[in-house]
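Enquirer: Before I ask anything, here is the structure I am working with.
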Amino acid sequence: MSGRHALDPPPGAPASSMARMVEIFDVRPDPAVPARYLGDSDGGSRRVVDGSQILGQSIVAAAKALPERTVRTAHALFLSAADPDTPLDFSVTPIRTGRNFAGATVTVRQELKVRTSCTVLLDTPQPDVVRWDEPVGLPVSGPPDAVPADSLPLPGREVRIVDCVDINDPDEVGPPVVDAWLRYAEVPDRDELRRAVLAHFTGHLGISTALRPHPGIGTAQAHHTLSTAPMGIAVTFHDPVKWDGWLRYHHEATFVGSGTAYIRGQISTGAGALIASFTQDAMIRAFDQGPVTEIPSAARL
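For the sequence shown, my numbering assigns the number 755 to the initial residue and increments by one for each residue that follows.
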């Protein structure tokens, strides 16, 4: 019998790393179909495609389809789980292309099944009339005083969380606010790939932030006694999207209830410049522990 665990990547699959994720974000044009792009996934050890990976790929697809514009906002809904072993198909449909702004939808499919829909706003950057870009939630401890997040391993990316030993632990109780410091071994040269990299981490700590105030409940229980998932992420980029060194991701859960959570956040540089803002709508529900019964045929429709 093989010693490979069922959740392990298949033999021959590329090892997970930040460099590999950047390759995945850089979706490939389909030579046979205009405005169609093809992409792969990294399911990691859980064999799950993060919605924020697909969000990053959608940002790159829209930027390639409208190359004279800059992605300003992207809002994705994740209503169907994606299979990490099946290629992704990104179809970009312009809504309107004006003199200053353009809009497009990115429909993400696997074998004709829609997995994600993303709406993207693009524009032509303009000089400041006025500017205010001070991040909220300051001051916080810097990276040297933050705790390494061993539960979020990815070669080429370092994550440290402020005032939190284990963000997944049900006994790690605190306010519904989480600050994380991130540092990448390499920052992409291309603008759209930098935006994809920023978008990728927006889906990682939102649910943990929402559960943090509640004793005995934590993301260590996810997929065991809790059913959790990001259902939608919106990210807005504030030019210039450039950084060197550490990034700070500030998360705040402003509502948790009715099986859902709402999280808002900001991304700033180590020097304190605000470069992106984001929101997440998440599902937090208990697994039904009752007996499994046959679903009536009418209820399946």
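For every residue, glycine included, the Cβ atom is placed at its ideal position computed from N, Cα and C.
Since the structure is predicted, the reported quantities are computational estimates derived from the model, not experimental observations.
With DSSP collapsed to three states, give me the class of residue 991.
Expert: DSSP places residue 991 in strand when its eight states are reduced to three.
Enquirer: Residue 931 bridges to which residues according to DSSP?
Expert: Beta-bridge pairing links residue 931 to 1006.
Enquirer: Along the chain, which unbroken stretches of the alpha helix (DSSP H) at least 4 residues long are found entirely within the region 778–853?
Expert: For the region 778–853, whole alpha helix (DSSP H) runs of length 4 or above, ordered along the chain, are 805–819.
Enquirer: Output the residue ranges of the alpha helix (DSSP H) runs that lie fully inside the region 944–972 and measure 4 residues or longer, sorted by chain position.
Expert: Segments of the alpha helix (DSSP H) lying fully in the region 944–972: 945–954 and 960–965.
Enquirer: Along the chain, where does the beta strand (DSSP E) that runs through residue 912 open and close?
Expert: Run containing residue 912: 911–915, per the beta strand (DSSP E) assignment.
Enquirer: If we ignore side chains and look at the alpha-carbon of each, how far apart do residue 867 and residue 836 end up?
Expert: Spanning the two alpha carbons is a distance of roughly 10 Å.
Enquirer: Who are the near neighbours of residue 946 in its chain, counting only those whose CB is closer than 7 Å to its CB and skipping five residues on each side?
Expert: Contacts found: 813, 814, 817 and 825.
Enquirer: Rounded to the nearest angstrom, what separates residue 822 and residue 927 at their Cα positions?
Expert: If I take the Cα positions, the gap works out to 47 Å.
Enquirer: Would you kindly work out how many angstroms separate the C-alpha atoms of residue 1009 and residue 786, rounded to a whole number?
Expert: Their Cα atoms are separated by approximately 46 Å.
Enquirer: Which same chain residues end up closer than 6 Å to residue 794 when comparing Cβ atoms and leaving out the 5 residues on each side of it in sequence?
Expert: The residues are 778.
Enquirer: Please state if the CB of residue 1001 and the CB of residue 936 are separated by a distance shorter than 8 Å.
Expert: Going by C-beta atoms, residue 936 is nearer than 8 Å to residue 1001.
Enquirer: By Cβ distance below 7 Å, which residues in the same chain neighbour residue 1023 in space, the five residues on each side in sequence not counted?
Expert: The residues are 997, 1001 and 1029.
Enquirer: Among 870, 923, 944 and 877, whose alpha-carbon lies nearest the alpha-carbon of residue 903?
Expert: Comparing Cα positions, the closest option is 923.
Enquirer: Residue 971: buried (16+ other C-beta within 10 angstroms of its C-beta) or exposed?
Expert: The residue is buried, with at least 16 neighbouring Cβ atoms inside 10 Å.
Enquirer: Name the DSSP beta bridge partners of residue 1039, please?
Expert: According to DSSP, residue 1039 bridges with 981.
Enquirer: Using CA coordinates, which residue listed in 1038, 1027, 1032 and 1040 is at the minimum distance from residue 886?
Expert: Nearest of 1038, 1027, 1032 and 1040 to residue 886, Cα basis: 1027.
Enquirer: Run through the DSSP bridge pairs and tell me what residue 1022 is partnered with.
Expert: Residue 1022 pairs with 1002 and 1028.
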